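Chains as they are written, first to last, in my numbering: chain A, 5 to 109; chain B, 5 to 109.
Number of protein chains: 2
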Amino acid sequence: MRRDIFQAIADPTRRAIIALIAVQAMTPSALAEHFNSTRQGISKHLKILTECQLVKQEHQGREIYYQLEIGKMKEIDKWLEQFRKIWETRFDQLDQLLSTIKKKK
Amino acid sequence: MRRDIFQAIADPTRRAIIALIAVQAMTPSALAEHFNSTRQGISKHLKILTECQLVKQEHQGREIYYQLEIGKMKEIDKWLEQFRKIWETRFDQLDQLLSTIKKKK
DNA sequence: TATATAAACAACCAATCGGTTGCGCAAATT
DNA sequence: AATTTGCGCAACCGATTGGTTGTTTATATA
Numbered sequence: 005m006r007r008d009i010f011q012a013i014a015d016p017t018r019r020a021i022i023a024l025i026a027v028q029a030m031t032p033s034a035l036a037e038h039f040n041s042t043r044q045g046i047s048k049h050l051k052i053l054t055e056c057q058l059v060k061q062e063h064q065g066r067e068i069y070y071q072l073e074i075g076k077m078k079e080i081d082k083w084l085e086q087f088r089k090i091w092e093t094r095f096d097q098l099d100q101l102l103s104t105i106k107k108k109k
Numbered sequence: 005m006r007r008d009i010f011q012a013i014a015d016p017t018r019r020a021i022i023a024l025i026a027v028q029a030m031t032p033s034a035l036a037e038h039f040n041s042t043r044q045g046i047s048k049h050l051k052i053l054t055e056c057q058l059v060k061q062e063h064q065g066r067e068i069y070y071q072l073e074i075g076k077m078k079e080i081d082k083w084l085e086q087f088r089k090i091w092e093t094r095f096d097q098l099d100q101l102l103s104t105i106k107k108k109k
């Protein structure tokens with residue numbers, strides 16, 4: 005299936021699911037109530053999220069609570085790191101430019 | 005077309021393109037040499053990146069240099085913000101736990 | 001001017017996606 | 001024991017994806 009976290013967060017419904025279960029673990033049925041799609045539809049999203057280990061199951065009787073593996077989110081942050089360096093540098097350059105303009109006054 | 009930045013970074017080739025042009029602006033042909041796909045294939049990716057304003061064109065004669073709109077990357081960072089709070093809290097909790105263990109010693 | 005080159009555009013393709021309905025299974029509830 | 005409920009799984013569907021080849025337009029170069 006070759007799924008990765010970037011594909012996982014590409015879908016808006018999936019991002020909404022992530023945001024919901026970040027607060028508290030939820031069952032597929034409970035989640036489905038927040039969206040206008042079927043429980044099975046949500047289950048498919050949860051399957052994808054599980055496949056790339058963004059989500060963890062906790063069985064409780066016949067109910068399955070899905071909870072976010074928050075640590076996995078750091079992978080996105082890690083990838084972003086290389087660009088953060090750049091945009092901070094650019095921001096510094098803007099700072100310098102502004103102070104140069106100030107000096108000219 | 006309804007494209008957003010999360011769809012843009014979902015594809016690994018596109019992420020590689022982003023990383024390349026983050027360093028320096030490049031033409032489609034130059035980019036294509038880094039991958040084993042056709043120039044047209046790369047152009048399609050560039051079109052998607054352009055559509056969600058992650059990339060900017062700079063015409064120079066008959067060549068078109070594509071450069072990264074680094075500021076747009078902050079949108080991902082912004083979305084990540086809500087989760088960063090959570091994982092830092094969890095980390096604090098771990099810290100507390102570790103110091104509790106230490107005290108017991 | 002004729003030719004080569006850079007790149008966008010269009011048409012096409014198989015594979016995947018997001019969604020549905022219909023099932024079967026296991027755990028609660030009656 | 002019979003019924004309801006929560007869930008995963010499978011099959012199907014139209015739309016989109018990532019990729020290709022072919023064509024057209026515009027800029028360089030011989």
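Glycine residues also receive a C-beta, built at the ideal position from the N, C-alpha and C atoms.
Predicted model only: the values in this text are computed from it and were never measured.
Item	Value
C-beta neighbour in chain A for residue 82 of chain B, strict 8 Å	no
Nearest to residue 91 of chain B (by Cα), restricted to the options A/89, A/84, A/72 and A/92	A/72
Under 7 Å from the C-beta of residue 75 of chain B: neighbouring residues of chain A	91
Chain A within 8 Å of residue 14 of chain B, Cβ atoms only	yes
Ordered list of beta strand (DSSP E) runs contained in the region 20 to 78 of chain A, each at least 3 residues	59 to 64 and 67 to 72
The region 43 to 58 of chain A: positions lying closer than 8 Å to chain B by Cβ	none
Span separating the alpha-carbon of residue 21 of chain B from that of residue 12 of chain B	11 Å
Beta carbon proximity, residue 60 of chain B to chain A, threshold 8 Å	no
Beta carbon of residue 10 of chain A nearer than 8 Å to that of residue 77 of chain B	no
Chain A residues whose Cβ lies nearer than 8 Å to that of residue 11 of chain B	14
Between the CA atoms of residue 27 of chain B and residue 75 of chain B - distance to the nearest angstrom	14 Å
CB-CB length for residue 29 of chain B against residue 70 of chain B, believed under 8 Å	6 Å
For residue 42 of chain B and residue 33 of chain A, the rounded distance between their alpha carbons	45 Å
The alpha helix (DSSP H) enclosing residue 12 of chain B, as first and last residue numbers	9 to 12
Within-8 Å CB hit, residue 29 of chain A to chain B	no
Whether residue 36 of chain A touches residue 52 of chain A by CB criterion (8 Å)	no
Selection from B/23, B/55, B/39 and B/85 that minimises the alpha carbon distance to residue 83 of chain A	B/23
Euclidean distance between Cα positions of residue 16 of chain A and residue 44 of chain B	28 Å
Collapsed DSSP secondary structure at residue 15 of chain B in the structure displayed	coil
Inter-residue CB distance, residue 94 of chain B and residue 56 of chain B (contact presumed, cutoff 8 Å)	Not quite, the Cβ-Cβ distance comes to about 32 Å (not below 8 Å), so this is no contact.
Residues near residue 50 of chain B by beta carbon distance below 8 Å, same chain, minus five either side	21, 32, 35, 59 and 70
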